[in-house]
Structures are given as structure tokens and as C-alpha cells.
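Protein chains in written order, with the numbering used here: chain A, 23 to 330; chain B, 150 to 349.
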């Protein structure tokens, strides 16, 4: 075999060195999270005594432990979790963690990234790819609403959830989850993580509000809109109402068409989720509906979503 | 961003990958087994030795198509089914220039760049770029997209040396390779190491 020119091979060897170095640096802040029956998942050192991870990798709330980069395994306590954001915060007794170094710049599509985890392995694991998109507010596959996301075409190695998406310098860009978008690798960017973690630290688990209804978007016919003086073009028809749930207690009936919750028009499922944020829990709220061709206002008190 | 990726044009990295693939291509053979199977093989460092996967050559003999199109016949000299390795001996000396440079698979670190060369989906000498995904051992765990036909091909490090034989795809973007350390043990006739060819 002929040797490749030194310059060409040298460039690639340097890039290879840098990627391996980035994995090593990032790996100092990536831990193993033991909280399920299968092999462990990954977690990120957020502060010297705090680890953040993906909520879905914790099958239980107690008997949790963290595998440190040096191989030690230490007990951890669940501080709080937010199922909709797939985020959990754990605390260890001895503040010995090296918090992840956060990248300064927001990545753009095409930027090269590494996904780094430590599913109970002595050394970190990693996959490589590019940012495919970076965006703003969205509703996760788990029902949460987040203010931003990063998608990257990194391979989802087993146990990578709860690990880091880092730049090629090894600096943290996002917390990785395989469940937030239904099986695709998606990251919660650090700027979105900060307030979420603070909220979990100050108030325990983040609650989502719920009404106990299943709905279907329906287009409001022109004649009906004209008769009721409505601008809104669609609403949500109630197809099922859970017995004893807030909607049931508030007197909603099958076939009612939901138009607005408080000041917020609900013309599709996403708008409904946005209206049912933590602020709505236990707050009596005026709900606007159409029943039998007539506008009605009903007062409902959304409850905290069970198992959120 | 990292120093190198900042200081060199991305085009230089791109050229380097293409050059790596081009330079290694003469070491790659298309292998056809006696029962209709097909895959890739690597011309090893000895004059008549080709390494491929056990499952690519189920029978006692195989036909190789070398770089440039010449066909030679080969016999299976040894096989290690659990490692999915087979050693083929061809009937004539292969050119010195076609022999692969064998690298040190133990020196691989997580994050290191690797390039797989094979004959996936009927494409000759197709490169796939990836990285080492987990600490190197007898089995290399890779974040790379491989396809049927990559089996038995060459896995190169960033210096163009062979560090493994791609073995199988274990998931979307995940693959295993048998490390050259394991291949060398196989060639020495050591007992098959207790290796499990699976991701976890």
C-alpha cells in the first residue's frame, strides 16, 4: 500500500486527536446513572454536587447511584424530575464532581458535534455528527413544552440518554435524550436547561396541568362563526372525558367544542398543551365552549397531571 | 471550536479522507464464497494472506477480485467462527504495494476517526466515516454507518493503517469490528479469546 502524503494524513490524524481529546475532556463531567433494571444510562455533572439526566432513565425514585468518572459509585438522591421535559436532577453527598464547561456560542446547523455518555463503562462512549437543526419553543413527545432544542445526527449508542452533546472542543451544548422526540436524538440546550434545573431545585417536580379530556380539532363552519360572531376558525371537540377529572367536575360534556382556556385560544392540540402549563394547576380558569350551537363560559380548575 | 478544525479549511479534512480511502483501496478485495456469498477481504501483511469474515466464505474456497479487476482463487486456511474471522491463502504472491499496513488497535481512543472500506450494496471500495465509540478491546465498537458487504473489509485509523475488520451492523449508525490485535492472535493460532460480538 502506498503511504498517503504526510500533509493529508497529518490533518486527519490531528482532527482525530482533537476529537479524542474532546471526548476525554467532556468525559470528566459525564457520569453513569444507575436507576433502572437494564444497563445504566448517562448523566451530566451540573454542579459539584448535582447531576442532571434524562428523567426516563430513572425507573425508580429511590435506590439511585452515580458512577463517577474515576470509577467510584456513590449514592444519589432525586431532587426532582420533569417528565414532560425528560429532565431529572440528582444530588450526591460529597461535592466532588467537575461541572461541564458550557460552550459560549449557540451552534448552527452543520456544526460538528460529539455525543458523549458513560453507561457504566470505565471510559466514556461517543458518537459523532453534525447539528441538523436548532429551534425555539416546541412540545416534546412526552407532553412538555420547552423553549428550544438541538437536533443532531449522532448515533444513539445504548445508554447515551442523559449524556452530553458537546462541540468539537468538548464544551457542553445540550443534554441528550432519546425519548424527547420519540426515538430521535434531541438535546435540551444549556440556556433552556438552566431555568428548568433551577425550578426543580426550588420547587421539586415541575407540574403540568390537565383537564382529563381527549379532543379532536374541528373546523368551525362559516354559518356558525357568523351567527356567534367568531373570528376563530377551529376548536377542539371533546371525544372523551375522564370520570371525576377537572373537565368532568366542571360540567363539560361530550361533543362540546373548546374554544379558549383563559385568554388563550385553543385551536389545536399544541395550543391546548401550551395553555396547560404549571401556572394553570389549581387555578380556577374561565373556559369558553360551543354547546349545541351556543357560546358558553364554564369555570374549570385544572389539576396536576398524574405521573407527569 | 477546536484548534485544528479552526485552523485548517474543512476542505483539507475532506481531501485527507478521500486520500486515505484512495491509498488503501489496493489492499481491498471483493470476496465471493463458494455458495453465492459475497463480501470484502483485506490483503494482509504476508505475501499470500487475505483476511475476511467467516460468514463471507462458508465453503472451503473463494474467488477474489483484486484492485484493477484481476481474479484469483483462494482456499480457506483457518477460521474462527466465534470471532467471525477467516484466513484465505491465494495461489500466487500478491504485489507488495497491495499489502495493508497493520496498525495498533490498542492505541485507539474513544473519539478517534475511523474509515471503513468495503463493497457495500455492490459498490466497490466505498468509504464510510465514523469514530471509535467505546474503549478499544478485542472488539471495536464504532459509531459508523455500515451496510451488508462492508463485512470483511478494512477499518482504517486516521493514519491509513488497518485497525480492524468490520463485522456487523448492530443498530442505526452502530457497528462492531474485530480489532487487528484479535486478528493477529487468530493468525498466531492462539485459542479463540472469550469475545462476545455484541454491543453490550
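C-beta: ideal position from N, C-alpha, C; glycine also.
### Query
Mapping DSSP to helix, strand and coil, what is residue 4 of chain A?
Limits of chain A in this structure are 23 at one end and 330 at the other, which puts residue 4 of chain A out of reach.
### Query
Does the segment 330 to 339 of chain B come close enough to the segment 62 to 71 of chain A to have 3 or more Cβ pairs within less than 8 angstroms?
With a cut-off of 8 angstroms, the segment 62 to 71 of chain A and the segment 330 to 339 of chain B do not count as touching, because too few Cβ pairs lie within range.
### Start-end ranges of the alpha helix (DSSP H) lying completely within the segment 160 to 233 of chain A, minimum 4 residues
212 to 225
### Task
List the residues of chain B that residue 143 of chain A touches, going by C-beta distances under 8 angstroms, in chain order.
As a working note, residue 143 of chain A is residue 121 in the first chain. The contacting residues are 283 and 284.
### Message
By the three-class DSSP mapping on this structure, what secondary structure does residue 78 of chain A have?
### Response
In the first chain, counting from the first residue as 1, residue 78 of chain A sits at position 56. Helix at residue 78 of chain A.
### Task
Measure the CB-CB distance between residue 201 of chain A and residue 78 of chain A and report whether it falls below 8 angstroms.
Mapped onto the first chain, residue 201 of chain A falls at position 179. Mapped onto the first chain, residue 78 of chain A falls at position 56. Going by C-beta atoms, residue 201 of chain A is nearer than 8 angstroms to residue 78 of chain A.
### Message
Need the endpoints of the beta strand (DSSP E) that residue 223 of chain B sits in, please.
### Response
Here residue 223 of chain B refers to the residue found at position 74 when the second chain is read from its first residue. Run containing residue 223 of chain B: 220 to 229, per the beta strand (DSSP E) assignment.
### Query
Which whole-angstrom value is the C-beta distance of residue 208 of chain B and residue 183 of chain B, which I expect to be below 8 angstroms?
Residue mapping note: residue 208 of chain B aligns to position 59 of the second chain, counting from 1. Residue mapping note: residue 183 of chain B aligns to position 34 of the second chain, counting from 1. With 8 angstroms as the limit, residue 208 of chain B and residue 183 of chain B qualify as a contact, their Cβ atoms being about 3 angstroms apart.
### Query
Out of curiosity, what's the CA-to-CA distance linking residue 99 of chain A and residue 199 of chain A?
Locating residue 99 of chain A in the first chain gives position 77, where the first residue counts as 1. Locating residue 199 of chain A in the first chain gives position 177, where the first residue counts as 1. Distance between the alpha carbons of residue 99 of chain A and residue 199 of chain A is about 21 angstroms.
### Task
Using the Cα positions of residue 82 of chain A and residue 108 of chain A, report the straight-line distance between them to the nearest angstrom.
Mapped onto the first chain, residue 82 of chain A falls at position 60. Mapped onto the first chain, residue 108 of chain A falls at position 86. Near 14 angstroms, if we compare the C-alpha coordinates of residue 108 of chain A and residue 82 of chain A.
#### Entry: Between the CA atoms of residue 291 of chain A and residue 17 of chain A - distance to the nearest angstrom
Examination of residue 17 of chain A is not possible in this model, given that chain A is present from 23 through 330 alone.
### Query
Between residue 279 of chain B and chain A, is there a C-beta pair that is closer than 8 angstroms?
The residue given as residue 279 of chain B occupies position 130 in the second chain. Closer than 8 angstroms: yes.
#### Entry: Neighbour list for residue 179 of chain A in chain B, Cβ cutoff strictly below 7 angstroms
Along the first chain, one-based indexing puts residue 179 of chain A at 157. Here the neighbours are 282, 292 and 323.
### Supposed close pair residue 242 of chain A, residue 254 of chain A - CB separation, criterion 8 angstroms
Here the question's residue 242 of chain A lines up with position 220 in the first chain. Here the question's residue 254 of chain A lines up with position 232 in the first chain. Indeed, because the Cβ distance is near 7 angstroms, the residues count as touching under 8 angstroms.
### Query
From residue 283 of chain A to residue 182 of chain A, what distance separates their C-alpha atoms?
Counting from 1 along the first chain, the entry for residue 283 of chain A is found at position 261. Counting from 1 along the first chain, the entry for residue 182 of chain A is found at position 160. Answer to the nearest angstrom: the Cα atoms are 39 angstroms apart.
#### Entry: DSSP three-state assignment for residue 61 of chain A, whether helix, strand or coil
As a first step, residue 61 of chain A must be located in the first chain, where it is residue number 39. Coil at residue 61 of chain A, not helix or strand.
### Proximity to residue 169 of chain A [Cα-Cα], best of A:149, A:143, A:261 and A:216
As a position in the first chain, residue 169 of chain A is number 147, starting the count at 1. The candidate whose alpha carbon is nearest that of residue 169 of chain A is A:216.
### Task
Check the Cβ of residue 262 of chain B against every Cβ in chain A and list those closer than 7 angstroms, keeping chain order.
The count along the second chain starts at 1 and reaches residue 262 of chain B at position 113. Neighbours of residue 262 of chain B on chain A, chain order: 34, 37, 38 and 41.
### Task
Under 8 angstroms Cβ to Cβ from residue 26 of chain A, same chain only, skipping five residues before and after it: list those, please.
Within the first chain, residue 26 of chain A is the residue found at index 4, counting from 1. Here residue 26 of chain A scores only 40 on pLDDT, less than 50, and its place in the model is too uncertain to base an answer on.
### Query
DSSP state of residue 243 of chain A, grouped into three classes?
As a position in the first chain, residue 243 of chain A is number 221, starting the count at 1. Residue state, collapsed to three classes: coil.
### Task
For the segment 236 to 259 of chain B, enumerate the residues whose C-beta is nearer than 8 angstroms to any C-beta of chain A, in chain order.
Those residues of the segment 236 to 259 of chain B that come within reach of chain A (Cβ to Cβ, closer than 8 angstroms) are 246, 247, 248, 249, 250, 258 and 259.
### Query
Would you say residue 26 of chain A reaches chain B, if we count a Cβ-Cβ gap shorter than 8 angstroms as a contact?
Here residue 26 of chain A refers to the residue found at position 4 of the first chain. Note that residue 26 of chain A has pLDDT 40, beneath the 50 cutoff, so the model's placement of it is unreliable and no number is given.
### Query
Is the CB of residue 318 of chain B under 8 angstroms away from at least one CB in chain A?
The residue given as residue 318 of chain B occupies position 169 in the second chain. So no, residue 318 of chain B is outside the interface.
### Message
Counting only Cβ pairs nearer than 8 angstroms, list the residues of chain B close to residue 146 of chain A.
### Response
In the first chain, residue 146 of chain A corresponds to position 124, counting from 1. What residue 146 of chain A touches in chain B: 259.
### Query
Considering only C-alpha positions, which residue in the set A:35, A:53, A:88 and A:104 is nearest to residue 219 of chain A?
For the purposes of this step, residue 219 of chain A is taken as the residue at position 197 of the first chain. Out of A:35, A:53, A:88 and A:104, the CA that lies nearest to the CA of residue 219 of chain A is found in A:104.
### Query
Heavy atom of the ligand SAH less than 7 angstroms from the Cβ of residue 139 of chain A, yes or no?
Because no ligand of any kind appears in the structure shown, any question about the ligand SAH cannot be addressed here.
### From B:292, B:294, B:296 and B:315, residue whose alpha carbon lies closest to that of residue 303 of chain B
Counted from its first residue, the second chain places residue 303 of chain B at position 154. Minimum Cα distance to residue 303 of chain B is reached at B:315.
#### Entry: Neighbour flag for residue 214 of chain A against chain B, beta carbons, 8 angstroms
Residue mapping note: residue 214 of chain A aligns to position 192 of the first chain, counting from 1. Judged by the 8 angstroms Cβ criterion, residue 214 of chain A is not in contact with chain B.
### Message
By the DSSP assignment, the beta strand (DSSP E) with residue 87 of chain A in it spans what residues?
### Response
The count along the first chain starts at 1 and reaches residue 87 of chain A at position 65. Unbroken beta strand (DSSP E) run through residue 87 of chain A: 86 to 89.
### Query
If you count every other CB in all the chains shown that lies within 10 Å of the CB of residue 220 of chain B, and 16 or more means buried, which is it?
In the second chain, the residue the question calls residue 220 of chain B occupies position 71. The residue is exposed, with fewer than 16 neighbouring Cβ atoms inside 10 Å.
### Task
Tell whether a beta-carbon distance below 8 angstroms holds between residue 298 of chain A and residue 231 of chain A.
Here the question's residue 298 of chain A lines up with position 276 in the first chain. Here the question's residue 231 of chain A lines up with position 209 in the first chain. Closer than 8 angstroms, so yes.
#### Entry: Interface residues of the segment 45 to 62 of chain A facing chain B [CB-CB below 8 angstroms]
Answer set for the segment 45 to 62 of chain A: 45, 46, 49 and 61.
### Message
Buried or exposed, going by whether 16 or more other CB atoms sit within 10 Å of the CB of residue 305 of chain B?
### Response
By 1-based counting over the second chain, the position of residue 305 of chain B is 156. Its Cβ being crowded by 16 or more others within 10 Å, residue 305 of chain B is buried.
### Query
If you draw a straight line from the alpha carbon of residue 293 of chain A to that of residue 190 of chain A, how long is it in whole angstroms?
Stepping through the first chain from its first residue, residue 293 of chain A is reached at position 271. Stepping through the first chain from its first residue, residue 190 of chain A is reached at position 168. Those two C-alpha atoms are separated by around 37 angstroms.
#### Entry: Per-residue DSSP class, three states only, for residue 5 of chain A
Because chain A here runs from 23 to 330, residue 5 of chain A falls outside it and cannot be looked at.
### Query
Hey, how far is the Cα of residue 293 of chain B from the Cα of residue 206 of chain B?
By 1-based counting over the second chain, the position of residue 293 of chain B is 144. By 1-based counting over the second chain, the position of residue 206 of chain B is 57. Per the coordinates, the alpha-carbon of residue 293 of chain B lies some 24 angstroms from the alpha-carbon of residue 206 of chain B.
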